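Asker: After the structure tokens below, expect a handful of questions from me.
Numbering (the working numbering), first residue to last: 50 to 417.
Here it is as structure tokens:
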């Protein structure tokens, strides 16, 4: 996620080497124009980043964009629009956020990179890039993963956020998205063993590709917005996804079978770039944080309650759901041991987060 090198800047420099004298004259003109501008606006005060005028009460008004890659009216979209609404209410309209769904402002990876680089303002992205949250067979229920990320005495979400802030962004809210299942275009898969030899769409993450390789499948990284067409044209035999996305993205139209594996439990992160957050007055920072907390909790409850309804919705449209035997779940988990060890090997930072995750899981179990 490092920003691009200065190649373009060097190119511009070389291009103008023959025009040094002309550039000097242009520079002088620009300096004069700048001086005149400063004279004209000298009493106007400092203009804040993204300041687009004043609110009704005379306070500074800020306008931002929020990007996500999920469909309009999906749970992710509900999260984002609810968050924007709450921010506006809590700041009396001084901070306005416009939501752009379905990858309108870029792919999920582009939004994630942009948040760190400061070219994206707000965004909602799946937290696969953090790694530990999507290690196979770590979590087993909605309430457990929510506790680990948001409620534990040393929450995983808090620890990950501290690391992210050093990189250029911060997480305002964590929303568990549910267990991830395997879906297939036209193959009635009833056992994880049948996945061997299949071509499976994978997110653009090494954890997912390694998982499929451990199952003997051939992973094909495909960006989220292209998954529907990939299933429709049979670029891959299948993919994996939370149940909510089968409905939200209309995958029920292009896939027929689902194997309930719960192999991973993914999490959505509502994020803001450090530059944007730091540009806000303290009272607005507090309002944004509170709005994110409320919207995230509401989205979690919505997703959790909607899962059974989503399954029925898909069944009514012809999708077949196969439960994987408990014995096979344990076998499948054993196959993932090697990739977990490889992911942690020689990475003390990852080991630290992983240990914190296990500690929170144990803490949750002790409370039950």
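Glycine included, C-beta positions come from ideal geometry on N, C-alpha and C. Since we're looking at a predicted model, the values are computed, not measured.
(1) List in chain order: all unbroken alpha helix (DSSP H) runs of 4+ residues lying wholly within the region 117 to 158.
(2) What are the start and end residues of the alpha helix (DSSP H) that includes residue 292?
(3) Roughly how many whole angstroms lie between the Cα atoms of residue 185 and residue 383?
(4) With respect to 8 Å, is the separation between the Cβ of residue 119 and the closest non-hydrogen atom of the ligand MN below this value?
(5) Expressed to the nearest angstrom, what Euclidean distance is found between the alpha-carbon atoms of residue 146 and residue 171?
(6) DSSP state of residue 397, grouped into three classes?
(7) Is the distance from the Cβ of residue 282 to the Cβ of residue 253 below 9 Å?
(8) So what does DSSP say about residue 408, is it helix, strand or coil?
(9) Please confirm whether residue 151 and residue 118 have their CB atoms less than 9 Å apart.
(10) Can you check which of these residues, 197, 201 and 165, is closest to residue 214 by C-alpha distance?
(11) When the Cα atoms are used, what is the spatial distance from residue 98 to residue 324?
(12) Helix, strand or coil for residue 210, going by three-state DSSP, please let me know.
(13) Name the residue from 277, 318, 224 and 289 whose alpha carbon lies nearest to the alpha carbon of residue 258.
(14) List the endpoints of the continuous alpha helix (DSSP H) containing residue 261.
(15) Is there contact between the region 398 to 414 and the region 191 to 208, where contact requires at least three CB pairs shorter than 8 Å?
(16) Which two residues bound the contiguous alpha helix (DSSP H) that contains residue 323?
(17) Roughly how far, in whole angstroms, is the beta-carbon of residue 187 from the beta-carbon of residue 227, given that I think they are within contact range, below 8 Å?
(18) What first and last residue would you give for the alpha helix (DSSP H) that runs through residue 266?
(19) Could you compute how far the alpha carbon of residue 387 sits from the alpha carbon of residue 243?
(20) Alpha carbon to alpha carbon, how far is residue 196 from residue 410? Give it in angstroms, no decimals.
(21) Cα separation between residue 373 and residue 312?
Answerer: On the basis of the data shown:
(1) 124 to 139
(2) 292 to 297
(3) 10 Å
(4) Although the ligand MN was asked about, the structure shown includes no ligands whatsoever.
(5) 8 Å
(6) helix
(7) no
(8) helix
(9) yes
(10) 165
(11) Per-residue confidence for residue 98 stands at a pLDDT of 44, beneath the threshold of 50, marking its modelled position as unreliable; no derived number is given.
(12) helix
(13) 289
(14) 255 to 263
(15) yes
(16) 323 to 328
(17) With 8 Å as the limit, residue 187 and residue 227 do not qualify as a contact, their Cβ atoms being about 14 Å apart.
(18) Element bounds for residue 266: n/a, residue is neither H nor E.
(19) 20 Å
(20) 8 Å
(21) 11 Å
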